[in-house]
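Participant: Numbering (the UniProt record's numbering), first residue to last: 1 to 393.
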Ligand SMILES: *Cc1c(COP(=O)(O)O)cnc(C)c1O
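(1) I'd like the span of the beta strand (DSSP E) that includes residue 154, first residue to last.
(2) How many angstroms separate the CA atom of residue 163 from the CA atom of residue 298?
(3) Closest to residue 383 by CA distance: which of 369, 325, 269, 371 is it?
(4) Identify every run of the alpha helix (DSSP H) within the segment 37 to 125, keeping only runs that are complete inside it and at least 4 residues long; order them along the chain.
(5) Could you say which of 119, 316, 243, 222 lies nearest to residue 193 if we only look at CA atoms?
(6) Would you say residue 175 touches ligand 1, meaning its beta carbon is less than 8 angstroms from a heavy atom?
(7) At a threshold of 8 angstroms, does residue 208 count as lining ligand 1 (C-beta to nearest heavy atom)?
(8) Does DSSP classify residue 366 as helix, strand or coil?
(9) Report the CB separation of residue 218 from residue 247 in whole angstroms; it is logged as a contact under 8 angstroms.
(10) Less than 8 angstroms between the CB of residue 185 and some heavy atom of ligand 1, yes or no?
(11) May I ask you to check if the CB of residue 88 is nearer than 8 angstroms to at least one heavy atom of ligand 1?
(12) Would residue 121 be called buried (16 or more neighbouring beta carbons within 10 Å of its own) or exposed?
(13) What residue range does the beta strand (DSSP E) around residue 222 cover?
(14) What do you get for residue 6, buried or exposed, if any count of 16 or more other CB atoms within 10 angstroms of its CB means buried?
(15) Give the C-beta separation of residue 144 and residue 172 to the nearest angstrom, bearing in mind that I take them to be a contact with Cβ-Cβ under 8 angstroms.
(16) Just list the residues that DSSP pairs residue 131 with in beta bridges.
(17) For residue 169, name the three-state secondary structure that DSSP assigns.
(18) At what residues does the alpha helix (DSSP H) containing residue 183 begin and finish?
(19) Report the residue ranges of all beta strand (DSSP E) runs contained in full by the segment 335 to 360; include only those spanning at least 3 residues, in chain order.
(20) Could you give the DSSP three-state label for residue 306: helix, strand or coil?
(21) Let me see if you follow: with CB-CB separation under 9 angstroms, is residue 158 close to chain C or not?
(22) Could you check where the alpha helix (DSSP H) with residue 235 kicks off and where it finishes?
(23) Could you compute how far the alpha carbon of residue 353 sits from the alpha carbon of residue 19?
(24) From residue 245 to residue 340, what does the alpha carbon distance come to, in whole angstroms?
(25) Assuming the contact rule is C-beta atoms closer than 8 angstroms, residue 111 and residue 154 should be a hit. Round their C-beta distance to whole Å, please.
(26) Looking only at C-alpha atoms, which of 225, 183, 228, 200 sits nearest to residue 206?
(27) Who are the Cβ neighbours of residue 376 in its own chain at under 7 angstroms, not counting the five residues just before and after it?
(28) Looking only at its own chain, which residues have a Cβ that is under 6 angstroms from the Cβ of residue 33, when we skip the five neighbours before and after it?
(29) Can you confirm whether the segment 349 to 363 touches the segment 300 to 307 when touching is taken to mean that 3 or more C-beta pairs between the two stretches lie within less than 8 angstroms?
(30) Within this structure, are the beta carbons of residue 27 and residue 51 separated by less than 9 angstroms?
(31) Which of helix, strand or coil does DSSP assign to residue 407?
(32) Within 10 Å of its beta-carbon, does residue 40 have 16 or more other beta-carbons around it, so buried, or fewer, so exposed?
(33) Might you give, ordered along the chain, the residues of its own chain that have their beta carbon closer than 6 angstroms to the beta carbon of residue 290, omitting 5 neighbours on each side?
(34) Ignore the nearest five residues each way along the sequence and tell me which others in residue 325's own chain have a CB closer than 8 angstroms to its CB.
(35) May I have the straight-line CA-CA distance separating residue 187 from residue 204, to the nearest angstrom?
(36) Within the continuous alpha helix (DSSP H) that includes residue 35, where are the two ends?
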């Protein structure tokens, strides 16, 4: 395995461990534990596990290790820890390093469960959390303090696709000695440059583009070896949100094709954003990869392409949005993203239903807003499906 390989090669060959049978496709080590040759070996391994020595699947497993190594190679991180879901990764990254009295600054526009961890759980354990408008650099500057342990944000926010300036926020955070933790799902591991832009800890829900076919829940935390093995691993292995070996195998195979899939999805997303631009039934179309996006230059600089999600606001509010959703023939109504199948979501009544009305307004989650995760179908078919459904709105 070579660090000099280009991404597409790393995605196919990175992290491979072959058994004594020399199988071509990665093996699924569906085992909870491992046999020791002698009692002395068992004792030694509990004292210290070397590379490719395993004890128990909650601590580590060969298939899971293959996935961790492959995603770390893709991200350009020293190490990775795989988790049972994206939320286990968010929780593990934050809780493993925080203690009572610490201060956290986070962007307000976050996945609902991440907000719950910050506002409900961490607050109960005495962590002070300040929420800011993530695109307002002055707000970050005003919020960070000497006791700020970390800053947390989604590089491209859900569902309104605001782009946060990673290098600028990283500079503000590092100036007070805070770590930068980024939930990078919308930017995708394919377009991410997070580590080189100053991010210390990168988190993905593998449920999204890494699987990319809607089969399994998973997550991953990436960072320095010291952080992953010294801080994250002890917390994760004793609290139990390990990735199953079967899931790790799904995610490994997902990584083999992720570059092809996500680039194709992003190309289609741009075509869709283009086709919808200026449509009389739409109040606005949001796609970071389209020149009409307020932060297009930043998005291009940070992520190359604009991701795989297009959001748009249908005039006529919830009723019109529901008529549109019910008229779709190819795209399905659901709430995953990054899937091979195009998925349309009405955030106000589903993923963000829990939020009070004024918070929805603040976050731009209007009654007519649709989040459209672009799949692998033919782009022209998707455009036709969207335009026909808009006629029914
Ligand atoms: C889906 C998602 C999560 C949670 O991931 P799960 O795998 O569903 O636990 C966290 N953050 C973002 C931005 C997501 O899209």
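From the three backbone atoms N, C-alpha and C, an ideal C-beta is built for every residue, glycine too.
Facilitator: Looking at the atomic coordinates:
(1) Numbered from its first residue, the chain shown carries residue 154 at position 154. 148 to 154 is the span of the beta strand (DSSP E), which, as asked, contains residue 154.
(2) To locate residue 163, count along the chain shown from 1; it is residue 163. To locate residue 298, count along the chain shown from 1; it is residue 298. Distance between residue 163 and residue 298, taken at the CA atoms: about 7 angstroms.
(3) Counted from its first residue, the chain shown places residue 383 at position 383. Nearest C-alpha to residue 383: 269.
(4) Qualifying alpha helix (DSSP H) stretches, in chain order: 39 to 47, 62 to 75, 86 to 95, 112 to 116.
(5) As a first step, residue 193 must be located in the chain shown, where it is residue number 193. With distances taken between Cα atoms, residue 193 lies closest to 222.
(6) Looking up residue 175 in the chain shown gives position 175. With a cut-off of 8 angstroms, the C-beta of residue 175 is classified as distant from ligand 1, since no heavy atom of the ligand falls inside that distance.
(7) Along the chain shown, one-based indexing puts residue 208 at 208. Under cutoff, so the answer is yes.
(8) Your numbering for residue 366 matches position 366 in the chain shown. DSSP, reduced to helix, strand and coil, places residue 366 outside both helices and strands of the structure shown, so it counts as coil.
(9) For the purposes of this step, residue 218 is taken as residue 218 along the chain shown, with counting starting at 1. For the purposes of this step, residue 247 is taken as residue 247 along the chain shown, with counting starting at 1. Contact between residue 218 and residue 247 holds: their C-beta atoms lie close to 5 angstroms from each other, under 8 angstroms.
(10) For this step, residue 185 is matched to residue 185 along the chain shown. Distances from the CB of residue 185 to the heavy atoms of ligand 1 include at least one below 8 angstroms.
(11) Numbered from its first residue, the chain shown carries residue 88 at position 88. When distances are taken from the beta-carbon of residue 88 to the heavy atoms of ligand 1, the shortest one is below 8 angstroms.
(12) The residue labelled residue 121 in the question sits at position 121 within the chain shown. Exposed is the call here.
(13) Start at 1 with the first residue of the chain shown, and residue 222 comes out as number 222. Counted as a single uninterrupted DSSP element, the beta strand (DSSP E) harbouring residue 222 occupies residues 219 to 223.
(14) Residue numbering aside, residue 6 sits at position 6 when the chain shown is read from its first letter. Burial call: exposed.
(15) The sequence position of residue 144 within the chain shown is 144, counting from 1. The sequence position of residue 172 within the chain shown is 172, counting from 1. Going by Cβ atoms, the distance from residue 144 to residue 172 rounds to 6 angstroms, so yes, they are a contact pair.
(16) For the purposes of this step, residue 131 is taken as the residue at position 131 of the chain shown. Answer is 106.
(17) Against the chain shown, residue 169 aligns to sequence position 169. For residue 169, the three-state secondary structure derived from DSSP is helix.
(18) Translated into the one-based positions of the chain shown, residue 183 becomes position 183. Residue 183 -> not in any alpha helix (DSSP H); beta strand (DSSP E) instead, spanning 179 to 183.
(19) Within the segment 335 to 360, the complete beta strand (DSSP E) segments at least 3 residues long are 343 to 345, listed from N- to C-terminus.
(20) As a first step, residue 306 is located in the chain shown; it is residue number 306 there, counting from the start. Looking at residue 306 - three-state DSSP - the assignment turns out to be coil, as it is neither helix nor strand.
(21) No chain C is present in this structure, which holds just one protein chain.
(22) The residue given as residue 235 occupies position 235 in the chain shown. Its alpha helix (DSSP H) spans residues 233 to 239.
(23) Within the chain shown, numbered from 1, the residue matching residue 353 stands at position 353. Within the chain shown, numbered from 1, the residue matching residue 19 stands at position 19. Distance from the CA atom of residue 353 to the CA atom of residue 19, rounded to whole angstroms, is 48 angstroms.
(24) On the chain shown, position 245 is the one that residue 245 refers to. On the chain shown, position 340 is the one that residue 340 refers to. Between the alpha carbons of residue 245 and residue 340 lies a distance of about 23 angstroms.
(25) As a first step, residue 111 must be located in the chain shown, where it is residue number 111. As a first step, residue 154 must be located in the chain shown, where it is residue number 154. Rounded, the Cβ-Cβ distance is 7 angstroms, consistent with contact.
(26) Residue numbering aside, residue 206 sits at position 206 when the chain shown is read from its first letter. Looking only at 225, 183, 228, 200, the smallest Cα-Cα distance to residue 206 is reached by 183.
(27) Along the chain shown, one-based indexing puts residue 376 at 376. Same-chain partners within the cutoff: 261, 264, 265, 340.
(28) As a working mapping, residue 33 is identified with position 33 in the chain shown. Within its own chain, the residues whose Cβ lies closer than 6 angstroms to the Cβ of residue 33, once the five positions on either side in sequence are excluded, are 56, listed in chain order.
(29) Three or more beta-carbon pairs separated by less than 8 angstroms are not found between the segment 300 to 307 and the segment 349 to 363, which leaves the two stretches without contact.
(30) Sequence index remark: in the chain shown, residue 27 carries index 27 (1-based). Sequence index remark: in the chain shown, residue 51 carries index 51 (1-based). No, the Cβ-Cβ distance between residue 27 and residue 51 is not below 9 angstroms.
(31) Nothing in the structure corresponds to residue 407, since the chain is present only between 1 and 393.
(32) Here residue 40 refers to the residue found at position 40 when the chain shown is read from its first residue. Exposed, because fewer than 16 other Cβ atoms sit within 10 Å of the Cβ of residue 40.
(33) Looking up residue 290 in the chain shown gives position 290. Cβ within range, chain order: 273.
(34) Locating residue 325 in the chain shown gives position 325, counting from the first residue. Excluding residues within five positions, the ones whose Cβ falls inside 8 angstroms are 333, 344, 346, 370, 389.
(35) Position 187 of the chain shown, counted from the start, is the residue given in the question as residue 187. Position 204 of the chain shown, counted from the start, is the residue given in the question as residue 204. Straight-line Cα distance between these residues: approximately 10 angstroms.
(36) Counting from 1 along the chain shown, the entry for residue 35 is found at position 35. Per DSSP, residue 35 is not a residue of any alpha helix (DSSP H), being assigned neither H nor E.
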